[in-house]
Amino acid sequence: MTGITTTDLVKRFDDVTAVDGVDLNVREGEFLVLVGPSGCGKSTTLRLLAGLESPTAGAVEIADEDVTTASPSDRDVAMVFQNYALYPHMTARENMTFGLKTATDFSADAVDDRIAEAAGILDIEDLLDRTPSALSGGEQQRVAIGRALVRDPEVFLMDEPLSNLDAKLRVQMRAELAELHAELQTTTLYVTHDQVEAMTLGDRVAVMYDGEIQQIAPPQQLYDAPETRFVAEFIGSPGMNTVEGTLKRRGDAAHVTWGENSLSLPSAGAVKPYAGDRVVLGVRPEDLTQEMGGPLSMEVTVTEPLGDSLLTRGVVGDTEMEVSLPPRSAVDVGDVLSLTADPQRLHLFDIETGAALYHSAETVGSDAAEPPVADTQRSTT
Amino acid sequence: MSLDTEDTAVGARENEPLSVISDTRLVPGQWRVHLGLIGSILLMASPLLLAFVMSTQTVPEVYDITNVGIGSDGVANYVEVFTTYGMASYMFNSLVMSIVVTVAKIAVSLLAAVALVFYDFRFKNAIFFLILFTLMFPVPVRIVPLYEMMAALGWTNTLLALTGPYVASATAVFLLRQHFMSIPDSLVESAKVDGVGPLRFLWDVLIPMSRGMISGLSVITFIYAWNQYLWPLIVVSDQNKQVVQVGMKYLQSVGNAGQTDWGLIMAGAVLTLLPPLLALVAFRGPLLETFGLSE
C-alpha cells in the first residue's frame, strides 16, 4: 500500500508550466518534504494532490485509489494552510468541528471525543472556546493542525504551515510536528521553502526546481551526494560553492583549474569527463579550511560572524565563494586567504545539464547505487 | 486633565489620549470654533426644526412668519394625519415595501456576489461590468418602459410592481463582491477540502463574516426604498395601497379656502422621517463599517 503516488503530473496555467512531469511516491506513514524556491511549483503540486487544481496531464493516487478527477472532499485528505485558514467568527472548537460534520459521519459524542483527544495532543484544551482573534499565531496554527487531526485523514497536506510564525516559535513547532508524526504515523506531504525545515522534518526530502523534481532522498544523502548542481546550491546553509573550471589530467592525477587556482581530485579513475572538458566543481563552505600555501587564494569581501563560525565571502579566481572559518578567526575585508579543500568532499557537475558526475566521498548515503561512487571505492582500495 | 478622567481610563490605557480629548467639553480659548460649529449645526438642522415647529401650529400661525415658537395645536395635527388622513396605512405600506426591497435586494446581491467571486465562468468580468453599467440607468430613467412592462405583466397596483424594480442592485453587488474578495482563498479551499457545499459556506461562513457589511447595506437600502416617490406614484393608483411619500402629496390638497394646511403636512413629514432616523441610529455602527469609516 502506498500513501501518495503521482504519475507524470503536469499543470499548465495558460503559457506557464508550473508542474512539469512530477513522479512522486510517498510511502505510507512517511513524512515527505517538498522543498524548493518560490515559484518552483511545489505548492501547485500540493494543490493538485488536494484536488484544488486539476492536472493538465498525469494521474494522482492516494491510498491506492485513483483520485485524479475526484473532488477534494472525496480524497480523504486534510490540509493545513500557511495562513491557518481559520474562520474568524467561530471559536477554536467550532473551527475544528465545522468541516468534520460534513466530511465524516461521526456521532456528536464521537466528535466531542475526537476534539478532546486532538486538543490534548496539541495542548490547546484551554483555548477551545476562544475565537482566532484571541489566539496567538502559534496557537492558531495548533488549532489549524487540530482541525486536520480530528478528521483522521489518509494523508496530511501541509502548505508552509510554519512560515507565518516567528523564528523561535517556528523551531519549537517544528519539533512538535516531528513528535506528532512519530506518534500518529500518518502519511504527510509537507511543502516548504525553508531547507532547514525540510532537512529536519523529512524522512525523505524532494527538491523541486522549475516544475521538476531534482532529487528525492533522505536528508543526509541530499547533503552528501546532491544529484544536480541546483540541489547542491540549494541544500545547506549557505549552499555549496560551485565554480566553473577546466579538468586537467596528468598521469593518474586529475584536477580542476580556474584562473590561478587548482584543486586535485582523488581517485582520478572515477572521474568521467575528459581532460580539457569544462566542468563545475562543487565544494561546501564547511569543507574549505585555511592552510598556509593552500591551492586556493581568496580575497575577502564580506565577513559574517555567526557565533559558532565565521562565514567569509570572497573571490577565488573570478568566482565568488564562501568559506566557513572557525569563530574569532583574524580575518578582515581585503585580506587574501590561502585555502584548501577536504579532498573527500569534492563534487563535479556537468556544465550543461547540471547533473552530478562525481562525488569524492568514499561512502555516500545508505543506498550508494551511483556508478561514480562505486568506482571511487574500487579504485581507492 | 482632571484626576477623575485619569482614574476611569486606567482600564483602557491605549485609548487614553483619545478619550481624554473627547471627555473635555470646552477647551478654553477655542470658543470661536465652538460657536462656528454650533452655528453650522443650527443652520443644517433648521429645516427639520422649522418642520417640527410648524407641525404644532395652526394654519394662521404658520402663515405668520415671525411666529417660530411651539404652536397652539400641540399634537392635534399628528392625531389628525393618523386618524383622518390615512397616514398609518401609508406608513404601513411603506414599511412593507421597504422591508421586502431590503430583504430581496440583499438576498439577490449576495448570490450574485458569490457567483462573481467564488465561481469561474466565461465572461465573468464582462458580466460584472455589465452589472456596474446598470448604475447609469436608475429607476427614474427607465420609468416609461418599466411601466409598460408592469402593465403587460398585469402587475400594476401590486406589491410586486412596487418592489420588483428595486430588487437588483449594482451597488450592493459591487460592495459585497469587494468584501468577499478580501476573504482569503484558503478559507474557501479549506471548506472545499472538508466538502462544505456552496450554500452552507454562504450561510455559515460568508454571511457571518459579512454581518457588518450586510447590516450597513440593509440600512441604506431601507432608507432608499422608504424615500421612493416617483415610481410608487406612477405604478400604484389605489390610494389605500399608496406609500408614505406619495401620501404626503395627498395631504397637500387638504386645506380650506386655498390655504394649504402646512401644520398637517409638517406633522406628516416629521412622522415620515422617524423610521429612517431610527434605522440610522440603531445601525450606525455597521453603517460606518460598510464605508470603512469606523475606528
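Residue numbers (the numbering used here), protein chains in the order written: chain S, 83 to 463; chain X, -6 to 288.
Ideal placement from N, C-alpha and C gives every residue a C-beta, glycine not left out.
Quick caveat: nothing in here was measured; it's all calculated off a predicted structure.
Taking CB atoms only, S:Thr270 has no neighbour in chain X less than 8 angstroms away. Per the C-alpha coordinates, the member of S:Thr127, S:Arg256 and S:Ser155 positioned closest to S:Leu182 is S:Ser155. DSSP lists S:Leu363 and S:Tyr440 as the bridge partner or partners of S:Leu430. A straight line joining the alpha-carbon of X:Ser91 with that of X:Phe215 spans about 5 angstroms. Judged by beta-carbon spacing, S:Leu271 lies within the 8 angstroms limit of S:Val237, meaning their Cβ atoms are closer than that value. When rounded, the separation of the alpha-carbon atoms in X:Leu152 and X:Ile258 is 26 angstroms. Straight-line spacing of the CA atoms in S:Glu294 and S:Arg94 works out to 13 angstroms. For the segment 179 to 194 of chain X, the set of positions with a beta-carbon nearer than 8 angstroms to some beta-carbon of chain S reads Ser179, Leu180, Glu182, Ser183, Ala184, Lys185, Val186, Asp187, Gly188, Val189, Gly190 and Arg193 in chain order. X:Tyr71 sits in a helix when the DSSP states are folded into three classes. X:Pro177 reaches chain S at Asn165 and Ala167, counting residues in chain order whose Cβ is nearer than 8 angstroms. Taken through DSSP and simplified to helix, strand or coil, X:Pro177 comes out as coil.
Listed along the chain, the chain S residues whose CB falls inside 9 angstroms of the CB of X:Met202 are Tyr169, Pro170 and His171. Spatial neighbours of S:Thr99 in its own chain (CB-CB distance under 6 angstroms, excluding positions within 5 residues in sequence) are listed in chain order as Gly293. S:Val365 is outside the set of residues whose beta carbon lies under 8 angstroms from a beta carbon in chain X. Using a Cβ distance threshold of 8 angstroms, S:Ala357 and S:Leu347 do not count as a contacting pair.
For S:Ser155, the nearest beta carbon of chain X is closer than 8 angstroms to its own beta carbon. S:Ser411 and S:Leu392 do touch by the CB rule: their CB atoms are close to 5 angstroms apart, below 8 angstroms.
In the structure shown, the three-state DSSP call for X:Ile31 is helix. Per DSSP, S:Asp195 is one residue of the alpha helix (DSSP H) stretching across Ala190 to Leu204.
A Cβ-Cβ separation of about 15 angstroms leaves S:Leu370 out of contact with S:Ala443 under the 8 angstroms criterion. A Cβ of chain X is located within less than 8 angstroms of the beta carbon of S:Ala132. The alpha carbon of X:Asn70 has as its nearest neighbour, out of X:Asp254, X:Val229, X:Leu28 and X:Pro138, the alpha carbon of X:Asp254. By the neighbour-count definition (other C-beta atoms within 10 Å, threshold 16), X:Glu54 is a buried residue. By the neighbour-count criterion, in which 16 or more other beta carbons inside 10 Å mark a residue as buried, S:Asp194 falls on the exposed side.
In this structure X:Val229 does not touch X:Tyr140 by the C-beta definition: roughly 11 angstroms separates them, more than the 8 angstroms allowed. Interface annotation, S:Ala200: not in contact with chain X, CB-CB separation never under 8 angstroms. Of the other Cβ atoms in all chains shown, 16 or more fall within 10 Å of the Cβ of S:Val101; this residue is therefore buried. Looking at the backbone, the Cα of X:Leu264 and that of X:Ile120 are separated by about 42 angstroms. Beta-carbon to beta-carbon, S:Met380 and S:Val397 are separated by about 7 angstroms, close enough to satisfy the 8 angstroms threshold. In terms of Cβ geometry, X:Gly188 and S:Thr184 form a close pair [threshold 8 angstroms]. A residue is called buried when at least 16 other Cβ atoms come within 10 angstroms of its Cβ; S:Arg366 meets this threshold and is buried. Under the Cβ criterion of 8 angstroms, S:Ala152 is not counted among the residues facing chain X. For X:Val198, the nearest CB of chain S lies under 8 angstroms from its own CB, placing it at the interface with that chain.
The beta carbon of S:Glu258 lies closer than 7 angstroms to none in the same chain, with the five residues before and after it left out. According to the DSSP assignment, S:Arg332 belongs to the beta strand (DSSP E) that extends over Asn323 to Arg332. Contact between S:Ile144 and S:Val162 is ruled out by a C-beta separation of about 17 angstroms, above the 8 angstroms threshold.
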